[in-house]
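Notes follow the structure.
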Amino acid sequence: MIIRIGFSWFFVREPAPEMPAVPPGVTLSSAGPDDPAWRVLTRPAGARDTAVVRVGGEPAHVSAAFENPGGIVLGGSFTRPVFRGRGLYPLALRWLCARLARDGVRRVYISTSVMNAASRRGILAAGFRVDRVVMSMRVGPWDLGRWLDAVVRSGKRALGH
Ligand SMILES: CC(C)(COP(=O)(O)OP(=O)(O)OC[C@H]1O[C@@H](n2cnc3c(N)ncnc32)[C@H](O)[C@@H]1OP(=O)(O)O)[C@@H](O)C(=O)NCCC(=O)NCCS
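Okay, structure coming up:
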């Protein structure tokens, strides 16, 4: 029996429609299914919107927005190692947030493992704030983390928190 326990930061942000300033030589696009970027980046499946960042025409970063029952969640983020540390991740998140705000979306979520310091810094740089820490616990094929999270939250509600 395999037991895996993990903790993730859950962040939230109310998006504003202003597009972020884009540095010279950098471009952003919502790449379609036939975009050549998918030769070097993985196209996020089932995304509502996608941000591909190019540097000097070279595909460097991808992030996407997904519809979830609980709201809009950003994810699928990856910066090719040679382009890391240049702020492309927060740029893509801000760009997606601005497009979502223009579509009338009022709240956007994103999560990352508490072990992923680079992701946490990028998410905070994109204007998100910590909403909560979520525990994930898998025992064999069963995900008990969501169940535990729901129990804790309904317990808090019952206590008026
Ligand atoms: C997380 C990730 C998307 C960040 O992308 P990025 O475009 O480098 O983001 P940023 O430029 O904002 O950098 C984020 C932080 O990582 C640091 N960093 C990580 N790798 C770095 C590198 N190779 N060179 C320089 N800085 C690096 C930066 O210093 C920065 O911290 P700071 O703002 O305190 O200086 C990228 O590291 C990645 O693709 N990781 C693997 C996939 C992953 O973890 N995705 C996110 C899942 S939620």
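Numbering (our numbering), first residue to last: 6 to 166.
Each residue gets a CB set at the ideal place from its N, CA and C atoms; glycine is no exception.
Looking at the unbroken beta strand (DSSP E) that takes in residue i, where does it start and where does it end?
| i | result |
| --- | --- |
| Arg143 | 134 to 144 |
| Phe83 | 76 to 84 |
| Val57 | 54 to 60 |
| Thr32 | 31 to 34 |
Would you give the residue range spanned by the alpha helix (DSSP H) that residue i belongs to?
| i | result |
| --- | --- |
| Arg9 | Careful: Arg9 lies outside any alpha helix (DSSP H), inside the beta strand (DSSP E) at 8 to 18. |
Compare the C-alpha of residue i against each of the options and name the closest.
| i | options | result |
| --- | --- | --- |
| Ala97 | Trp14, Phe15, Ala26 | Ala26 |
| Ile77 | Trp43, Gly92, Arg158, Ala106 | Ala106 |
| Pro9 | Gly127, Leu149, Gly62 | Note that residue 9 corresponds to Arg in the displayed sequence, not to Pro. For the residues Gly127, Leu149, Gly62, the minimum Cα distance to Arg9 belongs to Leu149. |
| Ser34 | Thr47, Asp108, Asp54 | Asp54 |
| Ala36 | Ala163, Phe15, Ala69 | Ala69 |
| Ala50 | Gly80, Gly75, Pro74, Pro28 | Gly80 |
| Met120 | Ala56, Val138, Gly109 | Val138 |
| Ser82 | Gly127, Pro74, Trp147, Gly75 | Gly127 |
Leaving out five residues before and five after residue i in sequence, what residues of the same chain have Cβ atoms less than 7 Å from its Cβ?
| i | result |
| --- | --- |
| Gly145 | Met6, Ile7 |
| Gly11 | Ser118, Ser141 |
| Met24 | Trp100, Ala103 |
| Asp39 | none |
| Arg125 | Trp14, Thr117 |
| Phe133 | Phe16, Val17, Arg18, Ile115 |
| Pro22 | Ala103, Ala106, Arg107 |
Excluding sequence positions up to five away, which residues of its chain have a Cβ less than 6 Å from the Cβ of residue i?
| i | result |
| --- | --- |
| Cys174 | Only positions 6 to 166 of the chain appear in this structure, which leaves residue 174 out of reach. |
| Val45 | Pro64 |
| Ala130 | Pro95 |
| Val31 | Val60 |
Which residues in the same chain as residue i place their Cβ atom closer than 8 Å to its Cβ, once the five residues preceding and following it in sequence are excluded?
| i | result |
| --- | --- |
| Pro41 | Pro64 |
| Leu93 | Val31, Val58, Val60, Ala65, His66, Thr84 |
Tell me, which residues are paired with residue i by DSSP?
| i | result |
| --- | --- |
| Glu72 | Ile77 |
| Trp147 | Val144 |
| Pro28 | Answer by DSSP bridge pairing: none, since Pro28 is not bridged. |
| Pro64 | Arg59 |
Any heavy atom of ligand 2 closer than 7 Å to the Cβ of residue i?
| i | result |
| --- | --- |
| Pro29 | Annotation note on ligand 2: not contained in the displayed structure, which lists ligand 1 as its ligands. |
* Ranges of the alpha helix (DSSP H) found wholly within the region 103 to 133, counting only runs of at least 4 -> Here the runs fully enclosed are 122 to 130.
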